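Numbering (the working numbering), first residue to last: 67 to 264.
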């Protein structure tokens, strides 16, 4: 079997295979979030990349009879959803050629969430610089801005404290394990010395 070639979905907002992270669809191709898959909520997309297709079959869905074929991730072969090949009711013809991907089988690309986090940090940093450049003291800052900064600092401190407490807890467990090991070792040495004396 040859090497699987994966296509990159361009754009800042990308959905990827939950199992292996292969790019599947762009958020720009999203048609609707109001669909139901076998495992729960599903989205309808205009286009999809990096998928393989199963055999065509007629399937009775909530909206009527459709000819569909299941789609799978081309890299890890995880099931993703299905592609509409034909619709027998006139009101459902708009789905033909489109893809249903179940939300349990995909997730947002890390870049999407990372960019949002960076944007938030950048916005907060710019607001802080602007307030410092204006020559205003902290008491004249907008209360919502200072409230956000306070909440951010409090969450950061809380995360740091919980990480530190986890570290200390793990350290004390390791110290206890080491003390027991040394105690057992000294007991063995004492027993060996007693046997040698006999």
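All residues carry an ideal CB built from backbone N, CA and C; glycine is no exception. None of the values given here were measured: they were computed from a predicted structure.
- Nearest Cα to residue 131 within the set 154, 93 and 139: 154.
- For residue 98, the enclosing beta strand (DSSP E) begins and ends at 96-103.
- Of 167, 250 and 251, the smallest CA-CA separation from residue 98 is found for 167.
- The C-beta of residue 134 has 16 or more other C-beta atoms within 10 Å across all chains shown, which makes the residue buried.
- Taking the Cβ atoms as the reference, residue 91 lies roughly 7 Å from residue 113, within the contact range of under 8 Å.
- Sequence-distant Cβ neighbours of residue 258 in its own chain, meaning closer than 7 Å and more than five residues away, do not exist here.
- Our two residues, residue 108 and residue 136, have alpha carbons roughly 14 Å apart in a direct line.
- Along the length of the stretch 103-163, whole beta strand (DSSP E) runs at least 3 residues long occupy 106-111, 117-127, 130-139 and 145-153, reported in chain order.
- Residue 232 sits exposed, since fewer than 16 C-beta atoms from the chains shown fall within 10 Å of its C-beta.
- Secondary-structure assignment with DSSP links residue 75 through no beta bridge to anything.
- In the DSSP assignment, no residue is bridged to residue 229.
- Residue 83: member of the beta strand (DSSP E) spanning 80-83, first to last residue.
- Residue 145 and residue 129 have their alpha carbons spaced roughly 22 Å apart.
- The three-state reading of DSSP puts residue 89 in strand, counting E and B together.
- Judged by beta-carbon spacing, residue 79 lies within the 9 Å limit of residue 175, meaning their Cβ atoms are closer than that value.
- When rounded, the separation of the alpha-carbon atoms in residue 246 and residue 262 is 24 Å.
- In this structure, the beta-carbon distance from residue 110 to residue 161 falls below 9 Å.
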